[in-house]
Amino acid sequence: MERLKGLLRGEQAALVVALLLLAVVLSVLTPVFLSPANLKNVLRDSSLIAIAGIGMVMVILAGEIDLSVGSVQAVVGILAVQVLNESGSILLALLGALAAGLLIGLLNGLLVTRAGINSLIATLGTMAILRGGAMVGTQAVSIQGRVEGFTEVGTGYWGPLPVPVVLAVVLLVFFYLVLHHTPAGRYLYAVGGNAQAARLAGLPVEKLKLAAFALSGVLAGLSAFILAARLNSGQPNAGLGFELQVIAAVVLGGVSLSGGLGTLVGAVLGILILTVLNNGLVLLDVSSFYHDIARGTVIILAVYLDSRRRHQAQRHA
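Using the working numbering, count along the sequence shown one by one with no gaps and you end on 319.
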């Protein structure tokens, strides 16, 4: 009970209240919102953001940013479907997706830690390169999966829950334990809080940041694989704007862009709020143009709240 109170203290309690109020408003405006089928769709959609969001949380906690996760969804999804069609093996396609995500994450990490390039610029560059590569490599045409059972990864169920939701929950529990109950998690917070002090204390700052980028790449690759399975295709335009959804959701959930502050629990609440909002706009048949306006508003709100948190932390320091 004490741990539950700790999880829902302060800002996270406010996020829970905001999520519940949003759900109540949407349930009044459209009764379809509370239908079991729609709630499963909300969970399925949020699971893709949550899986990539875990890696994003690690990167931001380390004081960096990763803008390439949306383009990873396109490139890795295409690669996974190509491996799937050539080999006929879903397992090989999954391993290929994870390996490709790892390589992209390591590239981002090396550009930041070895080349000394600002992570915003480095990952902005890889984002553009990957997106362009996806378009050139496929001639802007999607590649259809031709192996039976592949779609079950994205649309199937384990018991009453969609497969992606189960995977997301397992990963969230595991990385929650890593962040809050292992030295590696404490070191990551220390690096994001004050990299110079962490370096003087003997922590391997560059290695920790490289590991965070590698993890972000792997989890973005897994998210890409699940999306490709859900669509039964690799699409060069997959993940457009996905990186902004992930960043906005985790920052809205209390993960500070300055690094060293935030939790996975808060990030999950931010992800659920953003997903529920998107779902509600669809159910209310609001024009997709207004979806962009809503997402932009959430991004500005998230950054504003992050700025307020930093100022409050500085006053209390």
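By construction, the Cβ of each residue, glycine as well, lies at the ideal position given by its N, Cα and C atoms.
- Between Val305 and Arg188, the alpha-carbon positions lie close to 24 Å from each other.
- Assignment of alpha helix (DSSP H) within the region 90–152, counting only whole runs of 4 or more residues, yields 92–115, 121–140 in chain order.
- Your pair Ala269 and Ile301 does not check out as a contact, with CB atoms roughly 15 Å apart and the cut at 8 Å.
- For Gly156, the secondary structure class from DSSP, reduced to helix, strand or coil, is helix.
- In its chain, beyond the 5 residues on either side, Leu86, Gly90 have a beta carbon closer than 6 Å to the beta carbon of Val149.
- For the region 209–268, not one full-length beta strand (DSSP E) segment reaches 3 residues or more.
- Excluding five sequence positions before and after Leu271, the CB atoms of its chain that fall closer than 7 Å to its own CB belong to Gln14, Leu17, Val18, Leu21, Gly255, given in chain order.
- With contacts defined as CB atoms closer than 8 Å, Val78 and Ser235 fail to qualify as a contacting pair.
- With contacts defined by Cβ atoms closer than 8 Å, Leu63 and Val253 do not form a contacting pair.
- Here DSSP, grouped into helix, strand and coil, assigns Leu69 to coil.
- Apart from sequence neighbours up to five positions away, no residue of its chain approaches Ser309 with a beta-carbon distance below 7 Å.
- Closest in alpha carbon position to Leu307, among Leu259, Gly282, Ala296, Thr265, is Leu259.
- With respect to the 8 Å criterion, Asp68 and Val61 are classified as neighbours on the basis of their beta carbons.
- Nearest in C-alpha terms to Leu113, of all of Ser70, Ala222, Gln75, Val26, is Ser70.
- Taking the CA atoms as reference points, Arg116 sits about 34 Å from Arg297.
- Residue environment analysis places Phe176 among the exposed positions, since fewer than 16 neighbouring C-beta atoms fall within 10 angstroms of its C-beta.
- By the CB criterion at 8 Å, Ser49 and Leu169 fall inside the cutoff.
- Leu190 and Leu210 do touch by the CB rule: their CB atoms are close to 6 Å apart, below 8 Å.
- With respect to the C-alpha of Ile106, the residue from Val26, Gly204, Ala130 having the closest C-alpha is Ala130.
- DSSP places Pro162 in the coil class of the three-state scheme, outside both helix and strand.
- Under the three-state reduction of DSSP output, Ser29 falls in the helix class.
- By the C-beta density criterion, Thr184 is exposed, having fewer than 16 other C-beta atoms within 10 angstroms.
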